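Chemist: Heads up: the sequence shown begins at 1 in the numbering used here, then just goes up one per residue.
Sharing a structure below in structure tokens format, with a few things to ask.
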Amino acid sequence: MSNLTKIESIVVLMLENRSFDNVLGWLYDPENAPPFQSPPSGQTFDGLSGKNLSNPDPLTGTRIPAAKGRVMTEPSPDPGEEFEHVVRQLRGDTMEGFVEDYIKVLQTHSGKTPNRNDYQVIMNAFTPDSLPVLSGLAHHYAVCDRWFSSVPSQTLCNRCFSVASTSRGFVNNSPEPKWLLTDSPTIFNRLEEAGLAWHIYYDELDIMPLTRLVQPTLWQMPHSRFKKMGDFHKDAASGELPPFSLIEPRFFLDHNDAHPPLDKKFLVTSSVSAAEILVNEIYQSIRNGKAWEKILLVITFDEHGGCYDHVLPPATVPPDAECRSGEEGFCFDRLGVRVPTILVSPWIPQGQVVHTEFCHTSIIKTVTQKWDLQSLTRRDAAANGLGQVLALETPRTDRPEIRPLPYAPHPEHRKAPLLHLQRDILGLIACYETAQKLDEQLPLKEKLTELSRLMKAEFDIHKLKTVGEAIDFMTTKLQPETGWFGDKDV
């Protein structure tokens, strides 16, 4: 707890859909170039090296090994991430269903029986030379090899747990309207009640922050709490970041969230490369800013996105006092698959490997510990905080330089096929817009008119095929950002 007095700001970047093994499994391996051959100071590291890991191949009766992959567009097409897919991937307690599930995804996607090369990619993982930013930060600061997603399912439930310590019983993104019908408080509400500042930073090319959209308790918050990425870099440079900041990556045009591509037929540079650029820009702004010694940067991923990991998710504390079944009969008594998480601060010893069990509610726990706030649910109350990692007595004076690989946005990114997550976000926006117009005092005829418009919007959304079409739909068919949420300012 006392370690948290060393910092004044916590910054969280949550990327998309990569497992720990997929991103950092080969972080330390004897075949790597220095300094990635072994963990510093004789530490252990629960990655892929030396374990001879594999999954059974139901088509051939052989086994598919965990291997090194350097193709930045893998896995493609996008693996399964909904609850039923994750259950199949875990295959009870064996973690041996990833190949089987990806074969089913490939068959659904193409209508054909895939070959071994098609599904080997789900067992591939990047090496440090492919991801120099994430690997470099993990080596220079701290990597958590037991950080699990909060739910064994997809994006929205895990992003909700990261700020609200619950997903209100939901495990799948669809149907979208359910996310707009809840009133769970978030860590932002706790901070607001305590008179503490906070910001959600999002990309200029996205129409609105996803976190605000799926958390109704944030709809009436001051508009000044929600800022663009250009503001983040200015605030970091001037040393004016608030006590707590959440950064959302860009979800649409040239998305830099690290989400796997929908279809390998569209030959563009992978968003993993774009994510490396984003992480480096954030790190450089904090590293060179006036408050470097007062900031803890947390870089994590919402969920594993169907990518292979070998560590079984452990049991956990349900958010509610009673283990009540939610969607799919899930009681929220088990964590999701491991995700890559890196902690950056000059108070962290170089090359620290943290074996403590964390999940996304550990972020909430750290904020509540630091500013003496009330917990949100039983889950974050029981979670481990991050203060233990800030172990140095004095801050480091070195500021390691990290350099990403060259990356340039593809000139035809507007033609990229629409990801399932992007389609879900469009549906959420359409639902929200309709909900704001359904005033209780409206005559029945007008209510029916608005509902028919929602149905028409959802029908139009399902017809969209590319990112460019989606952006045009948002800017021409849906309300612009101004005036949403009944914005007020401070």
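Where is the CB? At the ideal position from N, CA and C, for every residue including glycine.
No experiment lies behind these values; they were computed from the predicted model shown.
#1: Can you tell me whether residue 431 is buried or exposed? The criterion is at least 16 other CB atoms within 10 Å of its CB, across all chains shown.
#2: Using a Cβ-Cβ cutoff of less than 6 Å, which residues in the same chain neighbour residue 159 once the five nearest sequence positions on both sides are dropped?
#3: DSSP state of residue 180, grouped into three classes?
#4: Report the rounded CA-to-CA distance for residue 229 versus residue 275, giving the unit in angstroms.
#5: Alpha carbon to alpha carbon, how far is residue 72 from residue 238? Give it in angstroms, no decimals.
#6: Applying the 10 Å Cβ sphere with the 16-neighbour rule, what's the burial state of residue 355?
#7: Taking buried to mean at least 16 other C-beta atoms within 10 Å of its own C-beta, is residue 30 buried or exposed?
#8: Spell out the partners DSSP gives residue 36 in its beta bridges.
#9: Could you give the DSSP three-state label for residue 7: helix, strand or coil?
#10: Roughly how many angstroms lie between the CA atoms of residue 407 and residue 132, to the nearest whole one?
#11: Rounded to a whole number of angstroms, what is the C-alpha to C-alpha distance between residue 315 and residue 45?
#12: Taking its Cβ as the centre, do 16 or more other Cβ atoms sit within 10 Å of residue 61, making it buried, or is it exposed?
#13: State the CB to CB distance for the pair residue 371 and residue 243, rounded to an integer number of angstroms; the pair is presumed to be in contact (CB under 8 Å).
#14: Which ranges would you report for the beta strand (DSSP E) in the stretch 133–189 if only whole runs of at least 3 residues count?
#15: Taking buried to mean at least 16 other C-beta atoms within 10 Å of its own C-beta, is residue 401 buried or exposed?
#16: For a quick check, are the C-beta atoms of residue 343 and residue 141 less than 8 Å apart?
#17: Three-state secondary structure (DSSP) at residue 359?
#18: Would you kindly check if the distance between the Cβ of residue 4 and the Cβ of residue 387 is under 8 Å?
#19: Within 10 Å of its beta-carbon, does residue 144 have 16 or more other beta-carbons around it, so buried, or fewer, so exposed?
#20: According to DSSP, what are the bridge partners of residue 198?
#21: Within 10 angstroms of the Cβ of residue 403, are there 16 or more other Cβ atoms? Answer buried if so, exposed if not.
#22: Going by other Cβ atoms of all chains shown within 10 Å of its Cβ, with 16 needed for buried, is residue 176 buried or exposed?
#23: Need the endpoints of the alpha helix (DSSP H) that residue 278 sits in, please.
#24: Note down the Cα distance separating residue 120 from residue 97, rounded to an integer number of angstroms.
#25: Considering only residues of the same chain and omitting the five flanking positions on each side of residue 234, which have a CB-CB separation below 6 Å?
#26: By a C-beta neighbour count over all protein chains shown, 10 Å radius and 16 as the cutoff for buried, is residue 324 buried or exposed?
#27: Rounded to whole angstroms, what is the Cα-Cα separation between residue 368 and residue 149?
#28: Let me check one thing: in DSSP terms, what residues is residue 473 bridge-paired to?
#29: Look up residue 122 in the DSSP assignment and say whether it is helix, strand or coil.
#30: Mark residue 52 as exposed unless 16 or more other C-beta atoms lie within 10 angstroms of its C-beta, in which case mark it buried.
#31: Identify the continuous beta strand (DSSP E) that holds residue 226 and give its terminal residues.
#32: What whole-angstrom Cβ distance do residue 87 and residue 428 have, given they're in contact under 8 Å?
#33: Can you tell which of 231, 59, 366 has its C-alpha closest to the C-alpha of residue 112?
#34: Counting C-beta neighbours from all protein chains within 10 Å, is the total for residue 365 16 or more, i.e. buried, or is it exposed?
#35: Span of the alpha helix (DSSP H) holding residue 499?
#36: In the DSSP assignment, find the unbroken alpha helix (DSSP H) run with residue 90 in it and report its ends.
Modeler: Let me spell this out:
#1: By the neighbour-count rule (16 or more Cβ atoms within 10 Å), residue 431 is buried.
#2: Hits under 6 Å: 302.
#3: Judged by DSSP in its simplified three-state form, residue 180 adopts helix.
#4: Residue 229 and residue 275 have their alpha carbons spaced roughly 14 Å apart.
#5: If you take the alpha carbons of residue 238 and residue 72, they lie about 35 Å apart.
#6: Exposed is the label assigned to residue 355, since fewer than 16 other Cβ atoms lie within 10 Å of its Cβ.
#7: Answer is exposed; the Cβ neighbour count stays below 16.
#8: Answer by DSSP bridge pairing: none, since residue 36 is not bridged.
#9: Of the three classes helix, strand and coil, the one that applies to residue 7 here is coil, per DSSP.
#10: Rounded to whole angstroms, residue 407 to residue 132 spans 13 Å at the Cα level.
#11: The alpha-carbon of residue 315 is positioned some 22 Å away from that of residue 45.
#12: When all chains shown are included, residue 61 counts as exposed.
#13: Contact flag correct, Cβ pair sits at about 7 Å.
#14: Fully enclosed beta strand (DSSP E) runs of 3 or longer: 142–144.
#15: Per the 10 Å Cβ criterion, exposed.
#16: The Cβ atoms of residue 343 and residue 141 sit closer than 8 Å to each other.
#17: Annotated three-state conformation of residue 359 is strand, per DSSP.
#18: Annotated as proximal: residue 387 and residue 4, with beta-carbon spacing under 8 Å.
#19: Answer is buried; the Cβ neighbour count reaches 16.
#20: Note: residue 198 sits in a beta bridge opposite 244.
#21: Residue 403 should be labelled exposed.
#22: Classification for residue 176: buried.
#23: Taken as a continuous stretch (DSSP letters only), the alpha helix (DSSP H) holding residue 278 covers 271–287.
#24: Separation of residue 120 and residue 97 (C-alpha to C-alpha, rounded to the nearest whole angstrom) is 13 Å.
#25: There are no such residues.
#26: Result: exposed.
#27: One C-alpha to the other measures close to 19 Å.
#28: Looking at the DSSP assignment, residue 473 forms no beta bridge with any residue, so it has no partner.
#29: DSSP places residue 122 in helix when its eight states are reduced to three.
#30: Exposed is the call here.
#31: That run of the beta strand (DSSP E) goes 226–228.
#32: Here residue 87 is actually not in contact with residue 428; their C-beta atoms are around 25 Å apart, not less than 8 Å.
#33: Checked all of 231, 59, 366; the closest Cα to residue 112 is 59.
#34: Burial call: buried.
#35: What is shown of the chain runs 1 to 490, which leaves residue 499 out entirely.
#36: For residue 90, the enclosing alpha helix (DSSP H) stretches over residues 83–90.
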